[in-house]
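Input: a single structure, listed below in structure tokens.
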Amino acid sequence: MPDDIDEEEDSVKIIRLVKNREPLGATIKKDEPTGAVVVARIMRGGAADRSGLIHVGDELREVNGIPVEDKSPEEIIQILAQSQGAITFKIIPSIKEDTPSKEGKMFIKALFDYDPNEDKAIPCKEAGLSFKKGDILQIMSQDDATWWQAKHEGDANPRAGLIPSKHFQERRLALRRPEILVQPLQVSNRKSSGFRRSFRLSRKDKKTNKSMYECKKSDQYDTADVPAYEEVTPYRRQMNENYRLVVLVGPVGVGLNELKRKLLISDTQHYGVTVPHTTRPRRSQESDGVEYVFVSKHLFETDVQNNKFIEYGEYKNNYYGTSIDSVRSVLAKNKVCLLDVQPHTVKHLRTLEFKPYVIFIKPPSIERLRETRKNAKIISSRDEQGAAKPFTEEDFQEMIKSAQIMERQYGHLFDKTIVNDDLTMAFSELKTTFDKLETDTHWVPVSWLHS
Ligand SMILES: Nc1ncnc2c1ncn2[C@@H]1O[C@H](COP(=O)(O)OP(=O)(O)OP(=O)(O)O)[C@@H](O)[C@H]1O
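My numbering applies: residue 145 is where the sequence shown begins, and numbers increase by one.
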């Protein structure tokens, strides 16, 4: 054995990787205490990972015969960027053993849009993975507390990209929160018709000009508790199970009732709606349990105390409300229950029992609203009698503004968005969505199935 080889040389490894146009899929850093250049991260599925020859913690000594000890990571990256074909690395392997993990078995739904190019904090923009709110991501590594590695679910390309970890993203969102909170839920104080009811008769208190459902303070600022990701798992309804609750949300006048009505008449045996409760006296042509369940004020208030209502409110000194049991009774008849609620209510319905599927009905552009709603009528909140009137330009503007606020504040809870431009097309998209919901596999929160 020659004398000039020091002991360390025993462990030196020479490896060759062939680099084509694809990046190597590894990042390096200077180890502060020792000054050594070490591999900081191996991107899952990238060229370095697939070779199986380089690992996190390996110390880099030479690249193509050039010693790297006195070079900064940027200079080394430069050398690598300029190299093509086979690249030779001299490394001292890390002694750390790889720990088996549940890599690739965890799926998350992204609850925000992400573009690595806009992210000042990401260690390497090229390694970042961009995604949109609602995308399903497969988590490939959580080794790093700040930067996870992920792929789009179903993507055949094995290479993972960097995404902010849940903890990191939520922490930085929390720091930015005061900005977000400036936007209140109500669209304007001219009228508060931005939010709809499941029962049209009792929509607004015209005298106080208030929405009949006063939101709790915390509900108005829901953005404050928006998580970054939600862990999800595939779910397919079994034959003996109840149908999932279908929740429809959208701004007033967007056509929610119209779509619901069309669905109901398309198959009255299959679809159902809840019967609301009221404390107003029954009219002669009405039957208890058909138009409304008629109850006393005392009973209604007791039920409110016992959290029996999903939503409730007061209109002309009478209470109106949708009870949780009314949803259960539709589901128990083996029907698909169509429920329309204010968007802030959705989070209370997200339980294993209801497994809600939330559809957002969105207005088209203002130009299309003008064209398509020429003969349509809206129940005007400015009208004491609540009579149907043709849409005004203000109604259109408010509908669009209200939809934007809903999307921004509650978009993370929507499973599907349908634009109600042409009614026939919107209905057919809705119908297809319903059919798929009953037969296909969908992603649902893990907490619903493992709670
Ligand atoms: N795509 C469409 N094209 C043309 N007219 C439509 C369309 N969708 C709904 N309409 C009409 O718009 C009007 C308002 O619809 P609808 O009552 O269903 O709205 P809504 O969202 O349920 O409102 P509200 O909360 O006031 O009950 C109705 O006259 C309806 O027929």
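Backbone N, C-alpha and C define an ideal beta-carbon position, used for all residues, glycine too.
Based on the DSSP secondary-structure assignment, which residues constitute the bridge partners of residue i?
i	result
THR232	ARG160
GLU374	LYS253
SER285	GLN293
SER534	Note that residue 534 corresponds to Pro in the displayed sequence, not to Ser. Answer by DSSP bridge pairing, in chain order: LYS521.
PRO177	Paired residues: none, contrary to the question.
CYS481	GLY416
TYR456	GLY465
PHE504	VAL393 and THR561
ARG424	Bridge partners of ARG424: none, in fact.
GLY272	LEU306
LEU204	VAL181 and ILE235
PHE540	Beta-bridge pairing links PHE540 to no other residue.
GLU299	Note on residue identity: the sequence assigns Asp, not Glu, to residue 299. Note: ASP299 sits in no beta bridge, so no partner.
So, for residue i: in the same chain, excluding its five sequence neighbours on each side, which residues have a beta-carbon less than 8 Å away from its beta-carbon?
i	result
TYR379	LYS499, THR585, HIS586, TRP587, VAL588, TRP592 and LEU593
THR577	ILE503, LYS560 and ILE562
PHE540	PRO507, ILE510, LEU513, ARG514 and ARG517
ILE149	Confidence in ILE149 is poor, its pLDDT being 48 and thus under 50, which makes the residue's placement too unreliable to answer from.
How about residue i and residue j: are their beta carbons less than 8 Å apart?
i	j	result
PHE303	LEU581	Checking the sequence, you will find Arg at residue 303 rather than Phe. Cβ distance not < 8 Å, so ARG303 and LEU581 don't count as in contact.
GLU203	ILE231	no
GLY254	LEU281	In the sequence under discussion, the amino acid at residue 254 is Ala, which differs from the Gly named in the question. Against a cut-off of 8 Å, the Cβ pair of LEU281 and ALA254 comes out as a contact.
VAL502	VAL398	no
VAL390	LEU483	yes
HIS296	PHE312	no
PRO395	PRO217	no
GLU455	GLN486	yes
MET250	ILE283	yes
ALA294	LEU273	yes
LYS277	PHE256	yes
SER285	ARG424	no
SER238	GLY201	yes
ILE505	LEU567	no
VAL207	ILE220	yes
ALA191	GLY209	no
LYS310	HIS414	no
Excluding five sequence neighbours on each side, which residues of the same chain lie with their C-beta closer than 6 Å to the C-beta of residue i?
i	result
ARG185	THR171
ARG517	PHE535
GLU314	ALA372
LEU557	VAL490 and VAL502
SER470	THR418 and VAL419
HIS492	none
Taking just the CA atoms, how far does residue j sit from residue i?
i	j	result
ILE158	GLN228	18 Å
PRO267	PRO371	23 Å
VAL590	VAL212	46 Å
LEU317	ILE307	15 Å
GLN548	HIS442	39 Å
ARG552	HIS488	12 Å
MET550	MET543	10 Å
LYS264	GLY305	16 Å
SER572	THR583	17 Å
LEU385	GLU430	Note that residue 385 is Glu in the sequence shown, not Leu. The alpha-carbon atoms of GLU385 and GLU430 are separated by roughly 33 Å.
ASN451	TRP292	40 Å
ARG340	ILE523	Note that ARG340 scores 37 on pLDDT, short of 50, meaning its location in the model is unreliable; the coordinates nonetheless yield the value given after this. Cα to Cα, the separation comes out at about 11 Å.
SER336	SER546	Confidence is the limiting factor: at SER336 the pLDDT is only 32, short of 50, which leaves the residue's position unreliable, though a coordinate-based value still follows. SER336 and SER546: Cα-Cα distance of roughly 10 Å.
ASP579	PHE453	29 Å
ILE252	ARG426	49 Å
When every heavy atom of ligand 3 is checked, does at least one fall within less than 7 Å of the C-beta of residue i?
i	result
VAL563	Inclusion of ligand 3 in the displayed structure is not the case, the ligand content consisting of ligand 1 alone.
Take residue i and list the residues in its own chain whose beta-carbon comes closer than 7 Å to its own, dropping the five residues that flank it on each side.
i	result
ASP175	VAL182
GLU323	Legend: pLDDT at GLU323 = 49, less than 50; position of this residue unreliable, no value from coordinates given.
GLY248	GLN282 and MET284
ALA520	PHE535
ASP565	PRO508, ARG512 and THR516
ALA439	First, the residue type needs correcting, since residue 439 is Val and not Ala in the sequence shown. Around VAL439: HIS421 and THR423.
PHE343	Reliability of the predicted coordinates at PHE343 is poor, the pLDDT of 47 falling under 50, and no value is obtained from them.
**Asked** Is the stretch 462-478 in contact with the stretch 403-422, if contact means three or more CB pairs nearer than 8 Å?
**Response** Enough Cβ pairs lie closer than 8 Å, so yes.
**Given 8 Å, three or more beta-carbon pairs between the stretch 160-170 and the stretch 192-202** = Enough Cβ pairs lie closer than 8 Å, so yes.
**Prompt:** Do the stretch 457-472 and the stretch 432-447 touch if we need at least three Cβ pairs shorter than 8 Å?
**Reply:** Because the criterion of three Cβ pairs below 8 Å is met, the stretch 457-472 and the stretch 432-447 touch.
**Message:** Tell me whether the stretch 429-444 and the stretch 403-411 touch, counting them as touching only if at least three CB pairs, one residue from each stretch, are closer than 8 Å.
**Reply:** Contact fails: fewer than three Cβ-Cβ distances are below 8 Å.
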